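Down below is the structure, laid out as structure tokens.
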Amino acid sequence: METLKLIEVTPQNVYEQTLFCIKDIKSPGFESKRKWFEKRYNEGLKLKILKNHQDKMIGFIEYTPVSKAWRPIKGDNFMFIHCMYVYSKKDRNKGYGTLLVDVAEQAAKALDMSGLCVMTSKGSWMANKSIFEHLGFEVTETKDRFELMVKQWDDMAACPELIDWTSRQQDYDGWNLVYADQCPWHEKSAFDLLNTAMDFGIDLKIKKIASVEEAKQAPSGFGVFNLLHNGKLLEDHYISATRFKNILREELKIQ
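In my numbering, the protein residues as written are 3 to 257.
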């Protein structure tokens, strides 16, 4: 494996290192994520970027104590992987994903935690379970399209559990977008969806999730992006204006 660098993003170097997924520091999405990141950093969240010897970004991992995870999950003394991604296809299957997971595992062990956990899915915007199975994680719970996977080295510790998000969906009448700044692309999506809704004459109520407590009570497994219509979850991840137009046509029975 080539010479690699692992950079920890901090509030002090965030403009220099960026946030991996969005590199334009002048974009609204970057600024929203940066503000979110700085608050979460003080709660123990870490974002680390893997670079090659030419200073080119290869991938990143974001992890936090499970009690502070912005997902519908409850538990204590485990580390939780929010996001992990290796960008280029040519950089995949080279062990970089394994390296990033090991970074989170070593951080958890250094804090004397009981294990490491992650939510996986075959769907969009979330890693599938194959790499984690290879690294000794086990599926402990499944709900909708999501799996909770755990690697536990303290057998006496209580395993983290998913919080029932489906029961929350009925709380949302009309058209609702509930999202958080954990992903820097959500700001653009919210703007695009609001404008699209206005074009269709739809009253789209938008709420930004402001705390980890709110995130844990979100109405979807992904937690930080939720599009609902009259208690029905339509999407649980970032979507484009085009995708939203198709959803509106389907829901409104427009040909």
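Using N, Cα and C, we set each Cβ at its ideal position, and we do this for glycine too. Predicted, not measured: the structure shown is a model, and the values here were computed from it.
Asked	Found
Which residue or residues does DSSP assign as beta-bridge partners of Ser213?	Answer is none; Ser213 lacks a bridge partner.
Given that a residue counts as buried once 16 or more other Cβ atoms are within 10 Å of its Cβ, and exposed if not, what is Ile211?	buried
Please state if the CB of Gly117 and the CB of Asp156 are separated by a distance shorter than 8 Å.	yes
Going by beta-carbon coordinates alone, are Asn232 and Ala220 separated by less than 8 Å?	no
Only counting runs of 3 or more residues, tell me where the beta strand (DSSP E) segments fall wholly within the region 148-179, in order along the chain.	148-154
Is the beta carbon of Asp190 less than 8 Å from the beta carbon of Gly31?	It is worth fixing the name first, because residue 190 is Lys in this sequence and not Asp. Result yes, Cβ atoms of Lys190 and Gly31 sit closer than 8 Å.
Report the residue from Thr144, Leu236 and Asp183 whose alpha carbon sits nearest the alpha carbon of Gly176.	Leu236
Ordered along the chain, which non-local residues of its own chain (more than five positions away) have a Cβ less than 6 Å from that of Arg36?	Val16
Determine the direct distance from the alpha carbon of Asp146 to that of Thr20, and round the result to whole angstroms.	33 Å
Would you say Val11 faces chain D, with C-beta separation under 8 Å as the test?	Of the protein chains in this structure there is only one, and it is not chain D.
List the residues that DSSP assigns as beta-bridge partners of Phe80.	Gly117
Could you tell me whether the Cβ atoms of Lys23 and Pro162 are closer together than 8 Å?	The sequence as given places Cys at residue 23; Lys does not occur at that position. No, they are not a contact pair.
Rounded C-beta distance between Tyr43 and Gly61? I'm assuming under 8 Å.	Actually they do not touch by this definition, with Cβ atoms about 20 Å apart.
Determine the burial state of Gln154: buried for a count of at least 16 other Cβ atoms within 10 Å of its Cβ, exposed for fewer.	buried
How many angstroms separate the CA atom of Ser213 from the CA atom of Leu49?	19 Å
For Pro67, write down the residues that DSSP places opposite it in a beta bridge.	Met81
Within 10 Å of its beta-carbon, does His188 have 16 or more other beta-carbons around it, so buried, or fewer, so exposed?	buried
Classify Glu4 as helix, strand or coil using the three-state DSSP reduction.	coil
How many Å lie between Ile27 and Glu10 at the Cα?	17 Å
Just to confirm my understanding: we take Met59, look at its own chain, exclude 5 residues before and 5 after, and list those with CB closer than 7 Å. What are they?	Phe22, Ile51, Lys53 and Tyr89
Return the Cβ separation of Phe82 and Ser123 in integer angstroms, given the expectation that the two are a contact with Cβ distance under 8 Å.	Going by Cβ atoms, the distance from Phe82 to Ser123 rounds to 15 Å, so no, they are not a contact pair.
Taking the alpha-carbon of Ser69 as reference, which of Pro13, Lys92 and Met115 has the nearest alpha-carbon?	Met115
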